[in-house]
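Top to bottom, those sequences are chains P and R. Each number in our numbering corresponds to the 1-based position in the first sequence with 124 added. Each number in our numbering corresponds to the 1-based position in the second sequence with 124 added. Where a beta carbon is used, it is the ideal one built from N, C-alpha and C, also for glycine. Here is the structure we will look at.
Number of protein chains: 2
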Amino acid sequence: MTEVEETRRESEASRGDFQEVIDLLRKHQLVEQVVHRQDMPRHDLVEQLVHKQHLAELQKKLDAMHPADVARLLEALPLNQRLLVWDLVKAERDGEILLEVSDAVRESLIQSMDEAELRAAAQTLDTDELADLAPDLPPQVIEEVMLSLPAEERARLQSALSYAEDSVGALMDFDIITVREDVKLEVVMRYLRRLDEFPDQTDKLFVVDRTGTLKGVLPIKRLLLHDPATVVKDVMEQDIVTLRPEDKARDAASAFERYDLVTAPVVSADNKIVGRLTVDAVVDYIRERSEAEVLGLGGLEEEEDLFAPVIKSVKNRWAWLAINLVTAFIASRVIGIFEGTIAQLTALAALMPIVAGIGGNSGNQTITMIVRALALGQITRENAKKLFLKEIAVALVNGVIWGAVVGLFAFAIYHSVSLGVVMMAAMILNLLLAAVMGVLIPLIRYRLGADPAAGSSVMITAITDSGGFFIFLGLATLFLT
Amino acid sequence: MTEVEETRRESEASRGDFQEVIDLLRKHQLVEQVVHRQDMPRHDLVEQLVHKQHLAELQKKLDAMHPADVARLLEALPLNQRLLVWDLVKAERDGEILLEVSDAVRESLIQSMDEAELRAAAQTLDTDELADLAPDLPPQVIEEVMLSLPAEERARLQSALSYAEDSVGALMDFDIITVREDVKLEVVMRYLRRLDEFPDQTDKLFVVDRTGTLKGVLPIKRLLLHDPATVVKDVMEQDIVTLRPEDKARDAASAFERYDLVTAPVVSADNKIVGRLTVDAVVDYIRERSEAEVLGLGGLEEEEDLFAPVIKSVKNRWAWLAINLVTAFIASRVIGIFEGTIAQLTALAALMPIVAGIGGNSGNQTITMIVRALALGQITRENAKKLFLKEIAVALVNGVIWGAVVGLFAFAIYHSVSLGVVMMAAMILNLLLAAVMGVLIPLIRYRLGADPAAGSSVMITAITDSGGFFIFLGLATLFLT
Chain P
125 MTEVEETRRE SEASRGDFQE VIDLLRKHQL VEQVVHRQDM PRHDLVEQLV
175 HKQHLAELQK KLDAMHPADV ARLLEALPLN QRLLVWDLVK AERDGEILLE
225 VSDAVRESLI QSMDEAELRA AAQTLDTDEL ADLAPDLPPQ VIEEVMLSLP
275 AEERARLQSA LSYAEDSVGA LMDFDIITVR EDVKLEVVMR YLRRLDEFPD
325 QTDKLFVVDR TGTLKGVLPI KRLLLHDPAT VVKDVMEQDI VTLRPEDKAR
375 DAASAFERYD LVTAPVVSAD NKIVGRLTVD AVVDYIRERS EAEVLGLGGL
425 EEEEDLFAPV IKSVKNRWAW LAINLVTAFI ASRVIGIFEG TIAQLTALAA
475 LMPIVAGIGG NSGNQTITMI VRALALGQIT RENAKKLFLK EIAVALVNGV
525 IWGAVVGLFA FAIYHSVSLG VVMMAAMILN LLLAAVMGVL IPLIRYRLGA
575 DPAAGSSVMI TAITDSGGFF IFLGLATLFL T
Chain R
125 MTEVEETRRE SEASRGDFQE VIDLLRKHQL VEQVVHRQDM PRHDLVEQLV
175 HKQHLAELQK KLDAMHPADV ARLLEALPLN QRLLVWDLVK AERDGEILLE
225 VSDAVRESLI QSMDEAELRA AAQTLDTDEL ADLAPDLPPQ VIEEVMLSLP
275 AEERARLQSA LSYAEDSVGA LMDFDIITVR EDVKLEVVMR YLRRLDEFPD
325 QTDKLFVVDR TGTLKGVLPI KRLLLHDPAT VVKDVMEQDI VTLRPEDKAR
375 DAASAFERYD LVTAPVVSAD NKIVGRLTVD AVVDYIRERS EAEVLGLGGL
425 EEEEDLFAPV IKSVKNRWAW LAINLVTAFI ASRVIGIFEG TIAQLTALAA
475 LMPIVAGIGG NSGNQTITMI VRALALGQIT RENAKKLFLK EIAVALVNGV
525 IWGAVVGLFA FAIYHSVSLG VVMMAAMILN LLLAAVMGVL IPLIRYRLGA
575 DPAAGSSVMI TAITDSGGFF IFLGLATLFL T
């Protein structure tokens, strides 16, 4: 009991470990500073001893940590401390930790290693893991590692590398246990007992014939529940979800979610088993996708190493700022057209950002909803029209309500009824524009085969900004001057 | 082989099923329209026959669909068709389908059912599923169902209902198989064979003593690999991740992700087993969280039923628009201060949205990065300062580059060097403001125990808007007029 409790406490306290390591690093740094500042030979020995002691303590801590936790720690450290810790990690753990860190941090770690170290790290990995790491390794390292592999594994690695990044093939592994359909369960049990390795996450064995063709699956559950004298064929499941290596990872993830799968067989076009997809790979994929989505919405191209050099961070944020600058220039020129009107009535300059801003917010709400519905496959030709009309109705209601509010605001400050009315009319029209474009942009992008989410937010904001300025200042030019 | 292939095709073709059902619904609707329009008694019988035929076909399709797929279909249908399909679903499947649909759609389905139907649906569910559904059911239904439960299950349901929504307690289930540590594996095997039910996703058995205290876990893998004569105690794992019902679901999900878990035991403070958490619940949780995050960023309070009545949709978007309206009013008043300056130089009105807009984008980039780092636990007291300085540096570099671009833009259009210089200076200052606030807002919210993500984007945009207008128009007032 106490053992279990202690384990629990430890696993819970990974945050505590975290802090301890960081404290050790600070002590270490203090020592370094002292050594540096005083630089007196007779002190050196003492300082070096303290220094070594700290490193030894740090190494012990690191050895006890799960690779995923070491990875998290590395991500949280500034570059100099990160490389210090990385040096202390045992070489045989390098591979699994490299797999766990984010792409950006992985790059910084790989840069600090020479080819021999990289080769050694790569050689500790399974074929499917190697395939994940390969794009970040120098080509000559990959080549050498590949030559050192047995023919079968080399073929697997090559095929794994050939699949698109977001395909099932890129996520699958090769840890499959296959059995024949005409044997008894007790034979299967004996066979399993003779295996040296039983892959993690195995909830089913794959039933194949002599040619490797998938005939069904034998859930471990059935293996355990049925009489050992039963034949596999009589208890195997045939109503199963199978995947193809070229299937989209997104669709596979959605199948795992809907059908509560732990593993699923991956088969070729002629139904031969080629690998399996496991739920842990799916969980990682879902996380990464959702993070990429949030980063994209925030205007970052990819996840950023917290302590990346300034120039790298600038580059990561470049594209988004450049695009937004162009749309801002356009909006600015739209306003420029009406400078004469603004000169006559400067109140317009103060009021115009309200119309544009609320239009942008409203448009983004519509787009978010449509993009989500598209991702869930909920939009059909039949209901698209209904949806469109509904969004128009929502925009009208919102337009009248918020239009009245901003109209009153304008009237309260500038004491002009006509200004208030123009403001309200502009608000209604811009919200209608936002609704129409908020439905059309993602639907058209989807129909054209593009990702409906990416860039939709920038486009709608550009339209409701320029559109809002044009509508408001245009109405003002017509009716107020 | 063909059987497996067919299964695959079917599972793949759930989209096709989807379309078929929708086609059937359209046919059905056409019939209804015909009946309505002609309204001649002698036609009635024929029409009714066609009508019935369609419904029977539809029902057959629905019966063959997985509950998760029916749920997805219901979400994609407008209200009248949704209720028609819902009526056709077999009553004993109501419960599991209600669990799968989104909250908003669940509400619309529950509203269409009477108490007896709801009671019947609830009674088909396990305790943990019932707890998930309970918040949406009328109180008297819950009460009656509770009274009909055996004492043990009632106690479980009550405790499950007492946990916070985002806690492990709310996600766990009670499908645990426990064994004693002093028995042989062959005894465990025999015991399993006698069970009527073997819970899905079971990858380990829980080893407990007479009092229910967790002593360790017996992975199915070890049960299969070791000699049947081995005693559980000798092969059980004690180095395990355990959870408490009151642990945060977010932390549990992160543990599942890092340690590739399929299930984990949930124990009370005195280490007694109370339930287990499974990876399918974790996958659902991760999906829901990430969807909520994306919806929040888009300005929707919660997931919206695509075909919700207009008034409901308006309400769902209300809060965000209201908040943004307030910030827009403030920005408007900031501009109002400088109306005199604008009257002298209307170019300012056209240029000011550029400064505000780019500042907002840049601030959102910083906030997105900091919020992600906070969520991953990567920010410590030590590195916060480093991060802060880095963001300032990035803002300076961006400010000089983009400031020069917009300065040149202003000069090119208005042929005024001083206007260009003011524009550039305002851009640099606003990007610095964005960086400072982009780091401070989430960090302060986090320190205060608030969710660093929620609302951060609105706040930074409000600050960079009002701040950008103030900086730019203020500089212009000082140096250009």
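Item                                                                                                                            : Value
Meets three-Cβ-pair contact criterion under 8 angstroms: the region 565-574 of chain R and the region 447-458 of chain R        : no
Simplified DSSP state of A577 of chain R, which is helix, strand or coil                                                        : coil
Bridge partners - E361 of chain R, DSSP secondary structure assignment                                                          : R:V341
Segment limits, beta strand (DSSP E) that includes A388 of chain P                                                              : T387 to V391
Within-9 angstroms CB hit, L421 of chain P to chain R                                                                           : yes
CB contact below 9 angstroms: N554 of chain P versus chain R                                                                    : no
Where N522 of chain P meets chain R, residues with beta-carbon distance less than 8 angstroms                                   : V438, R441 and L445
Cβ neighbours of W444 of chain R in the same chain (closer than 6 angstroms, five flanking residues each side left out)         : G423
Reduced DSSP secondary structure (H/G/I, E/B, other) of F603 of chain P                                                         : helix
Extent of the continuous beta strand (DSSP E) to which G481 of chain P belongs                                                  : It is not in any beta strand (DSSP E) - G481 of chain P instead sits in the alpha helix (DSSP H) that spans A471 to A499.
Neighbour flag for E427 of chain R against chain P, beta carbons, 9 angstroms                                                   : yes
Environment of S286 of chain P [buried if 16+ CB atoms lie within 10 Å]                                                         : exposed
Nearest to D324 of chain P (by Cα), restricted to the options P:V311, P:V341, P:D333 and P:D297                                 : P:D297
Beta-carbon neighbours of I587 of chain P, restricted to chain R and to distances below 8 angstroms                             : Near I587 of chain P there are no residues of chain R at all, since even the closest Cβ is about 14 angstroms away, more than 8 angstroms.
DSSP state of Q162 of chain P mapped onto helix, strand, coil                                                                   : Confidence is the limiting factor: at Q162 of chain P the pLDDT is only 43, short of 50, which leaves the residue's position unreliable, though a coordinate-based value still follows. Reduced to three states, the DSSP call for Q162 of chain P is helix.
Three-state secondary structure (DSSP) of K176 of chain R                                                                       : helix
In DSSP terms, what V303 of chain P is bridged to                                                                               : P:V331
Residues near L201 of chain P by beta carbon distance below 7 angstroms, same chain, minus five either side                     : V209
Burial state of Q104 of chain R (16 or more Cβ within 10 Å)                                                                     : Look at the range of chain R in this structure, 125 to 605, and you will see that residue 104 of chain R is not part of it.
CB contact flag (I364 of chain P, V407 of chain R, <9 angstroms)                                                                : no
8 angstroms Cβ cut-off: residues of chain R touching I459 of chain P                                                            : A473, A474 and P477
Beta carbon of V398 of chain R nearer than 9 angstroms to that of V386 of chain R                                               : no
D147 of chain P to A559 of chain R span [Cα, whole Å]                                                                           : 28 angstroms
The region 434-449 of chain R / the region 464-477 of chain P touching (three or more Cβ pairs under 8 angstroms)               : no
For I397 of chain P, the three-state DSSP class (helix, strand or coil)                                                         : strand
The region 261-276 of chain R touching the region 236-252 of chain R, judged by at least three CB pairs closer than 8 angstroms : yes
Whole runs of the beta strand (DSSP E) within the region 234-306 of chain P, excluding any shorter than 3 residues              : none
Selected residue, minimal CA-CA separation from L511 of chain R, among P:K509, P:I482 and P:A432                                : P:A432
Candidates R:E289, R:V341 and R:L271: closest to R304 of chain R by CA position                                                 : R:V341
is_contact[G464 of chain P, chain R] using C-beta, thresh 9 angstroms                                                           : yes
Reduced DSSP secondary structure (H/G/I, E/B, other) of K439 of chain P                                                         : helix
Touch test, the region 580-595 of chain P against the region 503-523 of chain P, Cβ-Cβ under 8 angstroms, three pairs minimum   : no
Own chain, CB closer than 8 angstroms to L249 of chain R, minus 5 neighbours either side, in chain order                        : G219, E220, L223 and L257
Buried/exposed call for G591 of chain R, threshold 16 Cβ in 10 Å                                                                : buried
Amino acids of chain P, ordered along the chain, whose beta-carbon sits closer than 8 angstroms to that of N488 of chain R      : G422 and G423
L367 of chain P, DSSP secondary structure in three states                                                                       : strand
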